[in-house]
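Everything below concerns the one structure shown next.
Protein chains: 2
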Amino acid sequence: MSEPFSKPSGRATSYDVARRAGVSQSAVSRCFKPGASISKKMREKVMLAAKDLNYQPNAIARGLITRRSNLIAVLVSSQMNFYYPEVLFQLTDKFSKQGLRVLLFTINEEDDVEDAINQVWQYQADGIISASYLSIEQHKLLEERQIPVVMFNRYFGDYPSNTIWCDTAAATDLMIGHLIDFGHTDFGLIEGPEYSMVNRERMTLSRKAIKERGGKVIAEARGNYRYESAANATQALMANDPRPTAIIAANDMMAMGALDELKNVVGRSVPRDVSIVGFDGIGAARFASYELTTIRQPIGRMAEAAVTMMLDRIEKPETSSEKRVLAGSFIQGTSTGPVPQ
Amino acid sequence: MSEPFSKPSGRATSYDVARRAGVSQSAVSRCFKPGASISKKMREKVMLAAKDLNYQPNAIARGLITRRSNLIAVLVSSQMNFYYPEVLFQLTDKFSKQGLRVLLFTINEEDDVEDAINQVWQYQADGIISASYLSIEQHKLLEERQIPVVMFNRYFGDYPSNTIWCDTAAATDLMIGHLIDFGHTDFGLIEGPEYSMVNRERMTLSRKAIKERGGKVIAEARGNYRYESAANATQALMANDPRPTAIIAANDMMAMGALDELKNVVGRSVPRDVSIVGFDGIGAARFASYELTTIRQPIGRMAEAAVTMMLDRIEKPETSSEKRVLAGSFIQGTSTGPVPQ
DNA sequence: AAGCATATTGCATTCGAATGCAAAAATGAT
DNA sequence: ATCATTTTTGCATTCGAATGCAATATGCTT
Chain L
566 MSEPFSKPSG RATSYDVARR AGVSQSAVSR CFKPGASISK KMREKVMLAA
616 KDLNYQPNAI ARGLITRRSN LIAVLVSSQM NFYYPEVLFQ LTDKFSKQGL
666 RVLLFTINEE DDVEDAINQV WQYQADGIIS ASYLSIEQHK LLEERQIPVV
716 MFNRYFGDYP SNTIWCDTAA ATDLMIGHLI DFGHTDFGLI EGPEYSMVNR
766 ERMTLSRKAI KERGGKVIAE ARGNYRYESA ANATQALMAN DPRPTAIIAA
816 NDMMAMGALD ELKNVVGRSV PRDVSIVGFD GIGAARFASY ELTTIRQPIG
866 RMAEAAVTMM LDRIEKPETS SEKRVLAGSF IQGTSTGPVP Q
Chain Z
566 MSEPFSKPSG RATSYDVARR AGVSQSAVSR CFKPGASISK KMREKVMLAA
616 KDLNYQPNAI ARGLITRRSN LIAVLVSSQM NFYYPEVLFQ LTDKFSKQGL
666 RVLLFTINEE DDVEDAINQV WQYQADGIIS ASYLSIEQHK LLEERQIPVV
716 MFNRYFGDYP SNTIWCDTAA ATDLMIGHLI DFGHTDFGLI EGPEYSMVNR
766 ERMTLSRKAI KERGGKVIAE ARGNYRYESA ANATQALMAN DPRPTAIIAA
816 NDMMAMGALD ELKNVVGRSV PRDVSIVGFD GIGAARFASY ELTTIRQPIG
866 RMAEAAVTMM LDRIEKPETS SEKRVLAGSF IQGTSTGPVP Q
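Those sequence lines, one after another, are chains L and Z. Here the first sequence is numbered in our numbering, starting from 566 and rising by one per residue. Here the second sequence is numbered in our numbering, starting from 566 and rising by one per residue.
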């Protein structure tokens with residue numbers, strides 16, 4: 566009764582707050598802008614009215630005028646690889662601490678990327694993190710549109726881009742050395758998809774290290790990074806004569822699949838008969854049934870770096886691109902052991 | 566040279582397109598609004614100009630005037646439970662097919678929910694999907710603000726809310742029956758967190774089914790839904806005298822942890838010495854090292870239902886709330902077998 | 001060809017906050 | 001107390017698209 570208009574139908578706007586506090590709308594706006602020039606008294610008055618009306622600035626309206634949406638689009642592949650969720654959650658966490666919101670896009674097929682890019686454009690996202698496919702043309706398009714792109718674990722050869730990359734060279738060397746020290750000489754590889762840069766890098770480094778240390782790759786097969794795909798690949802490797810005594814999978818998920826196939830289908834013991842290693846260091850690789858020897862990517866630090874780089878590019882769009890490389894680390898599990906006999 | 570202004574500094578607006586096509590801004594706007602009244606000739610002219618200028622409507626500006634952001638906030642717990650990513654990806658996929666974007670919020674601690682709700686308000690999200698904690702007060706607040714909320718696998722007793730729920734009663738009965746048929750009578754429970762509704766439901770149903778069928782719960786322990794937490798819980802159960810011959814974990818993740826603890830630490834075989842079952846039917850439960858007997862939630866259908874319900878509530882905000890209940894299904898794996906002796 | 005109904009188009013305004021600029025108030029120096 | 005400085009405040013405009021209404025064009029009927 567005392568305040569017939571205390572609850573206006575919709576949400577309160579800066580005008581409502583201004584009226585209630587008996588000040589101008591500009592003043593209200595300034596109260597909610599960090600470094601703005603406003604007196605203490607004014608701030609108190611406004612904040613009180615704002616609290617009463619449950620006022621929060623409308624991010625949409627703000628975005629329209631400031632041309633900053635504070636939205637970051639994150640593209641992740643939806644394939645059920647446990648690596649992506651870990652990355653995604655880390656990124657979201659870290660962006661939100663910086664006041665940025667994550668607009669999520671899951672990519673099933675390549676076409677989805679196109680859609681996502683359009684949405685990014687429509688929503689005026691302040692930047693894109695790509696942990697998914699992204700063609701060089703698409704990247705160029707985004708550059709033209711002046712949308713900062715940070716690529717997570719991918720880049721285009723020499724074409725410059727903002728990239729967070731995990732260097733596994735040294736760790737791979739250690740890991741292969743570890744196998745060689747165990748007496749392994751005959752290696753089998755389970756590769757990931759051909760298009761995957763990460764896969765090519767890992768396989769190339771492994772081959773190189775094997776060769777340098779006097780081992781040889783005697784069999785290879787291809788999977789698609791998924792657990793299930795490792796079964797056939799493993800069968801193929803084990804059909805080789807002689808059989809490899811150590812298997813290097815392009816990621817942990819396939820290493821886990823291979824390990825299970827060997828133990829439960831082929832009927833060989835790991836690591837007694839065959840040693841297995843993977844890459845990524847996903848959480849599940851630590852499960853007692855696997856305890857993979859692997860190379861861990863420092864995902865938390867990588868996410869942090871991606872966020873920092875993104876903020877930087879948003880602030881200073883003219884900065885030239887940068888590639889930040891963090892080292893992966895060798896983790897010794899129990900999936901590797903001495904060569905049989 | 567021929568078109569000095571072909572690339573205006575920033576992005577093209579509807580005015581730019583209008584000018585180029587020689588029509589009014591309204592016409593451009595209407596071309597991009599589905600059911601609007603526009604002639605074929607006009608549409609062609611505009612679309613041509615739009616293509617030339619790479620025009621896409623600005624979703625921010627549109628949102629301001631239409632009061633629809635087409636953003637849906639999704640709250641998921643960040644705890645590394647493989648269940649959440651599966652749900653999240655399904656939801657994102659399905660929302661995007663409906664033209665809605667997902668604004669992701671990961672919840673670490675309860676305080677984060679408050680933040681998320683504020684952001685939702687600021688961004689004028691059209692709705693919230695909560696697959697995370699949400700207090701009844703917070704829910705009420707959102708109702709007051711007329712933001713539709715759909716809760717995924719949670720609800721508040723009698724207090725009405727839009728909910729997608731998986732009913733595991735029948736399947737639990739089957740699962741317990743399956744164990745009883747195998748001769749088990751002494752059950753151990755690994756509960757999830759106390760606050761979890763899903764946990765309470767699962768445990769209550771299990772207890773009831775066990776009792777009805779003449780078994781008894783002889784030991785119980787509590788975990789936090791995570792893999793690691795199952796180790797201690799399992800030790801506690803196995804310390805009981807007599808030892809349970811069947812363990813029921815409140816989710817698959819803990820069932821996997823229990824299985825590993827038994828096999829690799831306690832030194833018992835599953836299912837020869839002990840049978841284990843879980844709940845959820847996550848992907849990893851199908852890995853050959855586990856092959857859990859479990860109850861699968863139809864996550865895809867649940868996500869679909871959540872999306873449908875959300876669209877419905879956005880269209881007709883006055884609709885009274887609804888609880889949609891999908892049945893979980895019993896999946897027989899190899900983690901269960903006859904009671905020893 | 002006139003008359004009327006219907007389909008298109010443009011005009012002008014609106015959404016809610018931010019900001020350059022000028023006016024007003026507070027502060028300080030003398 | 002006076003004037004110069006600095007800080008605060010308010011005014012008016014802007015961001016880009018949507019939309020009610022009025023004006024115009026089109027189609028149909030006879």
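Don't be surprised by glycine CBs; every beta carbon is placed ideally from N, CA and C. These numbers were taken from a predicted model, which means no experiment stands behind them.
Straight-line Cα distance separating residue j from residue i
{"i": "Ile812/Z", "j": "Val714/L", "result": "49 Å"}
{"i": "Arg797/Z", "j": "Tyr720/L", "result": "Residue identity check: residue 797/Z is Asn in the sequence provided, not Arg. If you take the alpha carbons of Asn797/Z and Tyr720/L, they lie about 44 Å apart."}
{"i": "Ser761/L", "j": "Gln897/L", "result": "25 Å"}
{"i": "Ser834/L", "j": "Thr899/L", "result": "12 Å"}
{"i": "Leu668/L", "j": "Asn718/L", "result": "19 Å"}
{"i": "Ser642/Z", "j": "Val842/L", "result": "31 Å"}
{"i": "Asn673/Z", "j": "Leu653/Z", "result": "16 Å"}
{"i": "Met803/Z", "j": "Ile745/Z", "result": "19 Å"}
{"i": "Val890/L", "j": "Leu656/Z", "result": "33 Å"}
{"i": "Lys616/L", "j": "Gly779/Z", "result": "58 Å"}
{"i": "Ala577/L", "j": "Val588/L", "result": "15 Å"}
{"i": "Ser634/L", "j": "His749/Z", "result": "59 Å"}
{"i": "Ser794/Z", "j": "Asn646/Z", "result": "12 Å"}
{"i": "Pro807/L", "j": "Pro903/L", "result": "17 Å"}
{"i": "Ser695/L", "j": "Met716/L", "result": "5 Å"}
{"i": "Arg585/L", "j": "Val611/L", "result": "8 Å"}
7 Å Cβ cutoff, residue i in contact with chain Z
{"i": "Phe852/L", "result": "yes"}
{"i": "Ile625/L", "result": "yes"}
{"i": "Leu739/L", "result": "no"}
{"i": "Asp658/L", "result": "yes"}
{"i": "Asn797/L", "result": "no"}
{"i": "Pro725/L", "result": "no"}
{"i": "Trp730/L", "result": "no"}
{"i": "Thr733/L", "result": "no"}
{"i": "Asn829/L", "result": "yes"}
{"i": "Gln621/L", "result": "yes"}
Any chain L beta carbon closer than 7 Å to residue i
{"i": "Asp825/Z", "result": "yes"}
{"i": "Asp617/Z", "result": "no"}
{"i": "Val667/Z", "result": "yes"}
{"i": "Ser643/Z", "result": "yes"}
{"i": "Leu629/Z", "result": "yes"}
{"i": "Tyr760/Z", "result": "no"}
{"i": "Asn789/Z", "result": "no"}
{"i": "Thr578/Z", "result": "no"}
{"i": "Tyr688/Z", "result": "yes"}
Contact check, residue i vs residue j, beta carbons under 7 Å
{"i": "Glu912/L", "j": "Ala815/L", "result": "With chain L running from 566 to 906 in the structure shown, residue 912/L is simply not present."}
{"i": "Met607/Z", "j": "Ala592/Z", "result": "yes"}
{"i": "Ile860/L", "j": "Ala774/L", "result": "no"}
{"i": "Tyr698/L", "j": "Val678/L", "result": "yes"}
{"i": "Asp732/L", "j": "Ala892/L", "result": "yes"}
{"i": "Asp817/Z", "j": "Leu857/Z", "result": "yes"}
{"i": "Phe852/L", "j": "Asp838/Z", "result": "no"}
{"i": "Pro809/L", "j": "Asp723/L", "result": "no"}
{"i": "Met740/Z", "j": "Phe895/Z", "result": "yes"}
{"i": "Leu629/Z", "j": "Leu629/L", "result": "yes"}
{"i": "Asn805/L", "j": "Ala786/L", "result": "no"}
Which listed residue (the options) has its alpha carbon closest to that of residue i
{"i": "Ile879/Z", "options": "Gln862/Z, Val652/Z, Glu708/Z and Ser771/Z", "result": "Glu708/Z"}
{"i": "Asp691/L", "options": "Ile682/L, Pro599/L and Ser642/L", "result": "Ile682/L"}
{"i": "Lys659/L", "options": "Lys598/L, Gly865/L and Gly846/L", "result": "Gly865/L"}
{"i": "Phe747/Z", "options": "Thr901/Z, Tyr649/Z, Glu679/Z and Gly846/Z", "result": "Thr901/Z"}
{"i": "Val639/L", "options": "Met612/L, Asp817/L and Phe670/L", "result": "Phe670/L"}
{"i": "Arg772/Z", "options": "Gly753/Z, Tyr790/Z and Ala601/Z", "result": "Gly753/Z"}
{"i": "Leu613/L", "options": "Gln800/L, Phe895/L, Ser579/L and Ile637/L", "result": "Ser579/L"}
{"i": "Pro836/Z", "options": "Gly848/Z, Ala823/Z and Asp845/Z", "result": "Ala823/Z"}
{"i": "Pro725/Z", "options": "Asn646/Z, Phe895/Z and Ser886/Z", "result": "Ser886/Z"}
{"i": "Thr631/L", "options": "Thr631/Z, Ile630/Z, Arg632/Z and Ala626/Z", "result": "Ala626/Z"}
{"i": "Tyr688/L", "options": "Ile701/L, Ile712/L and Arg787/L", "result": "Ile712/L"}
{"i": "Asp680/Z", "options": "Ser661/L, Ile783/L, Lys781/L and Ser695/L", "result": "Ser661/L"}
Legend entry - 4 or more residues per run - each alpha helix (DSSP H) lying fully within the region 727 to 767 of chain Z: 734 to 746
Inset, instruction - Scan the region 614 to 693 of chain L and note each continuous beta strand (DSSP E) run of 3 residues or more that stays entirely inside, going in chain order. - result: 636 to 642 and 666 to 672
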